[in-house]
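Structure first, then comments.
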Amino acid sequence: MSETINNEVYGYSRIKRTALNFVNAMKIGDTPGVYRKEASEGESFYGSYHAVHILDLFGELDALSGDEKAIWAANFTKRQTQQGYFSSKPEDADRRLTIDDFDPYWHYTRGNIWALRVLGIKPKHQLDFLEPLLDAKALYNWVKKYNWANSWAAGNQVLACATALFALRDWFGVSEVDKIMEDGMYPALEELLDEQTGFWGTQFGADLPNGLFGTIHVTPIYFAQGWPLRAVDRNVDATLACQLSDGSFWPGGSDCPDFDGAYMMANLAELTDYRREDMEAAAMRYLRHALMHEDPDQHGWLLHRRDSSPKDWVPRPHWIWKPGEAEATAELRDEDPNRTHIMLGSWFYPLSIALIAHMLGNTGYEGPYQFTAQSLHVCNVFNGTKNIGV
Numbered sequence: 601m602s603e604t605i606n607n608e609v610y611g612y613s614r615i616k617r618t619a620l621n622f623v624n625a626m627k628i629g630d631t632p633g634v635y636r637k638e639a640s641e642g643e644s645f646y647g648s649y650h651a652v653h654i655l656d657l658f659g660e661l662d663a664l665s666g667d668e669k670a671i672w673a674a675n676f677t678k679r680q681t682q683q684g685y686f687s688s689k690p691e692d693a694d695r696r697l698t699i700d701d702f703d704p705y706w707h708y709t710r711g712n713i714w715a716l717r718v719l720g721i722k723p724k725h726q727l728d729f730l731e732p733l734l735d736a737k738a739l740y741n742w743v744k745k746y747n748w749a750n751s752w753a754a755g756n757q758v759l760a761c762a763t764a765l766f767a768l769r770d771w772f773g774v775s776e777v778d779k780i781m782e783d784g785m786y787p788a789l790e791e792l793l794d795e796q797t798g799f800w801g802t803q804f805g806a807d808l809p810n811g812l813f814g815t816i817h818v819t820p821i822y823f824a825q826g827w828p829l830r831a832v833d834r835n836v837d838a839t840l841a842c843q844l845s846d847g848s849f850w851p852g853g854s855d856c857p858d859f860d861g862a863y864m865m866a867n868l869a870e871l872t873d874y875r876r877e878d879m880e881a882a883a884m885r886y887l888r889h890a891l892m893h894e895d896p897d898q899h900g901w902l903l904h905r906r907d908s909s910p911k912d913w914v915p916r917p918h919w920i921w922k923p924g925e926a927e928a929t930a931e932l933r934d935e936d937p938n939r940t941h942i943m944l945g946s947w948f949y950p951l952s953i954a955l956i957a958h959m960l961g962n963t964g965y966e967g968p969y970q971f972t973a974q975s976l977h978v979c980n981v982f983n984g985t986k987n988i989g990v
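For my numbering, count along the sequence shown from 1 and bump the result up by 600.
Set out below in structure tokens:
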């Protein structure tokens with residue numbers, strides 16, 4: 601039986617404390633929602649966006665009043681343009697973009713929408729920038745335009761688009777979104793799925809890790825819409841092949857790839873019993889690995905395993921879409937040994953542990969995690985379809 605303190609499993613209480621200690625340390629002033637991303641920086645959108653998700657995971661947002669949530673939400677709504685997309689640039693406030701100009705804005709818009717949905721706040725401006733994609737054929741062609749040899753980058757864009765379409769449906773009552781997505785996005789994605797791996801993009805040249813990192817951006821859309829996921833057993837084979845011997849999904853460990861592997865394993869376990877023993881063993885290896893990112897002083901989650909050194913690390917690409925370019929640029933980060941903690945790690949490692957605890961049970965890390973499906977990184981096969989439209 602798992603040890604409990606104040607009716608919480610000890611492991612859950614510890615990782616909650618470790619995550620919240622870092623969030624509290626990154627807080628700036630008394631105004632709700634103002635955070636750093638890391639200790640070396642000032643106020644940061646990403647600090648605020650990730651803090652929302654960390655507090656939500658542990659049910660801490662419930663302690664905020666409606667007024668406090670509204671103040672926090674203003675940190676995001678102030679970034680919305682009149683056309684409805686979100687930008688960090690004040691000069692974009694009344695700038696209208698064509699859908700072809702939009703690649704540099706998708707990821708940022710996605711993050712703002714997720715944060716607002718978790719806070720339960722609707723922004724002022726309707727998402728008019730989506731109008732060109734409110735046609736099934738146009739949406740189909742838009743999905744197919746990307747180079748799926750880089751499944752990671754392409755999947756990110758499509759998940760952001762789905763995020764915005766769901767928000768348009770739920771915030772502004774555009775009920776035809778579901779039909780447009782079913783007739784446009786779904787068939788395009790079905791044609792891009794590699795049945796030999798269960799991943800998106802591997803038939804076009806993406807290696808297995810890149811295919812995995814793209815696939816975890818596509819599958820939440822399927823879970824949200826209740827679309828059947830094909831080639832599940834091949835996905836199990838490919839996902840297990842991506843795991844490294846230490847349980848990680850990136851050399852030296854890295855928050856995004858590690859979460860991606862855990863997300864896929866936890867969801868596949870809901871869909872198939874294929875290679876169940878292998879999956880459970882891999883999940884336990886992952887859990888042991890994730891705990892190697894826990895700061896020994898319980899002050900957040902480390903960028904790299906605490907038993908690793910820079911010689912073990914491979915810089916992780918962050919895919920940057922530059923204006924006017926048809927392909928994403930890989931910006932390499934996280935190899936600086938002076939950078940040890942960022943807010944994202946205190947979201948993704950606890951979230952991945954929550955998923956593995958859900959999958960395995962009796963790990964010592966079970967707890968009352970809150971999975972808010974409107975933020976699609978938290979949308980799983982077990983909480984998707986019935987909750988996403990709330």
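Beta carbons: idealized from backbone N, C-alpha and C, even for Gly.
What separation, rounded to the nearest whole angstrom, lies between the Cα atoms of residue i and residue j?
| i | j | result |
| --- | --- | --- |
| glutamine 682 | glycine 666 | 25 Å |
| alanine 670 | valine 634 | 13 Å |
| aspartate 783 | aspartate 936 | 45 Å |
| leucine 960 | glutamate 877 | 11 Å |
| leucine 844 | aspartate 858 | 10 Å |
| tryptophan 921 | tyrosine 610 | 43 Å |
| leucine 661 | glutamine 796 | 43 Å |
| glutamate 641 | proline 828 | 43 Å |
| methionine 781 | glycine 798 | 21 Å |
| tyrosine 965 | serine 952 | 11 Å |
| leucine 976 | proline 896 | 30 Å |
| glutamate 790 | asparagine 741 | 13 Å |
| leucine 727 | histidine 904 | 38 Å |
| asparagine 962 | alanine 954 | 12 Å |
| glycine 755 | threonine 815 | 7 Å |
| glutamine 757 | threonine 631 | 32 Å |
| arginine 614 | glutamate 880 | 23 Å |
| valine 743 | aspartate 700 | 12 Å |
| isoleucine 988 | alanine 767 | Reliability of the predicted coordinates at isoleucine 988 is poor, the pLDDT of 45 falling under 50, and the value obtained from them is presented with this limitation in mind. Approximately 10 Å, taken between the alpha carbons. |
| histidine 918 | glycine 900 | 22 Å |
| glutamate 776 | leucine 871 | 29 Å |
| proline 690 | aspartate 907 | 43 Å |
| lysine 986 | asparagine 867 | Since pLDDT at lysine 986 reaches only 44, below the 50 mark, its modelled position is unreliable, and no value is offered. |
| glycine 852 | glutamine 680 | 37 Å |
| valine 774 | threonine 698 | 20 Å |
Using the DSSP secondary-structure output, state which residues sit across from residue i in a beta bridge.
| i | result |
| --- | --- |
| leucine 829 | Answer is none; leucine 829 lacks a bridge partner. |
| glutamate 894 | Trp901 |
| phenylalanine 686 | Gln680 |
| lysine 627 | Tyr635 |
Quick check: residue i and residue j, are their CB atoms within less than 9 Å of each other?
| i | j | result |
| --- | --- | --- |
| phenylalanine 804 | serine 854 | no |
| leucine 887 | glutamate 894 | no |
| lysine 616 | phenylalanine 658 | yes |
| methionine 560 | isoleucine 956 | Not covered by the structure: residue 560. The range shown for the chain is 601 to 990. |
| phenylalanine 729 | tyrosine 786 | no |
| alanine 831 | alanine 762 | no |
| valine 718 | histidine 653 | yes |
| asparagine 980 | proline 809 | no |
| phenylalanine 622 | serine 946 | yes |
| glutamate 638 | isoleucine 942 | yes |
| alanine 926 | alanine 890 | no |
| alanine 928 | alanine 753 | yes |
| isoleucine 713 | alanine 673 | no |
Residue i lies in the beta strand (DSSP E); which residues open and close that run?
| i | result |
| --- | --- |
| arginine 916 | 916–920 |
| threonine 929 | 929–933 |
Of all the options the options, which has the alpha carbon lying nearest to the alpha carbon of residue i?
| i | options | result |
| --- | --- | --- |
| alanine 760 | Gln974, Asn983, Val981 and Asn980 | Gln974 |
| histidine 958 | Thr940, Asp694, Asn983 and Asp807 | Asn983 |
| aspartate 833 | Met626, Thr618, Gln680 and Arg875 | Arg875 |
| tyrosine 822 | Val718, Asp778 and Cys856 | Asp778 |
| phenylalanine 813 | Trp850, Gly720 and Gly826 | Trp850 |
| leucine 739 | Arg636, Thr709, Leu765 and Lys724 | Leu765 |
| arginine 710 | Leu891, Asp700, Asp694 and Ser688 | Ser688 |
| arginine 576 | Gly647, Gly811 and Ser848 | Nothing can be reported for residue 576, as the shown portion of the chain is limited to 601 through 990. |
| leucine 944 | Tyr649, Ala625 and Tyr612 | Tyr649 |
| proline 704 | Pro923, Gly967 and Leu932 | Pro923 |
| alanine 749 | Lys737, Asp794 and Ala715 | Asp794 |
| alanine 930 | Pro915, Ala673, Arg939 and Gly826 | Pro915 |
| glycine 811 | Ala788, Ala838 and Gly826 | Ala838 |
Could you give the residue range of the alpha helix (DSSP H) that holds residue i?
| i | result |
| --- | --- |
| glutamate 890 | Per the sequence shown, residue 890 should be read as alanine rather than glutamate. Where alanine 890 is concerned, the enclosing alpha helix (DSSP H) stretches over 876–891. |
| alanine 754 | 751–772 |
| tyrosine 589 | Outside the displayed span of the chain (601 to 990) sits residue 589, for which this structure offers no information. |
| threonine 797 | Taken as a continuous stretch (DSSP letters only), threonine 797 belongs to no alpha helix (DSSP H), as it is neither H nor E. |
| phenylalanine 676 | 666–677 |
| proline 993 | Given that the chain is displayed from residue 601 to residue 990, the structure contains no residue 993 and the question cannot be resolved. |
| valine 648 | Note that residue 648 is serine in the sequence shown here, rather than valine. Where serine 648 is concerned, the enclosing alpha helix (DSSP H) stretches over 645–657. |
| lysine 779 | 777–780 |
| glutamate 790 | 786–792 |
| isoleucine 721 | No alpha helix (DSSP H) contains isoleucine 721, which DSSP labels as neither H nor E. |
| lysine 911 | Element bounds for lysine 911: n/a, residue is neither H nor E. |
| lysine 744 | 736–744 |
Closer than 8 Å: is that where the CB of residue i sits relative to any heavy atom of the ligand HEM?
| i | result |
| --- | --- |
| leucine 944 | Among the ligands in the structure shown, none appear at all, so the ligand HEM cannot be discussed. |
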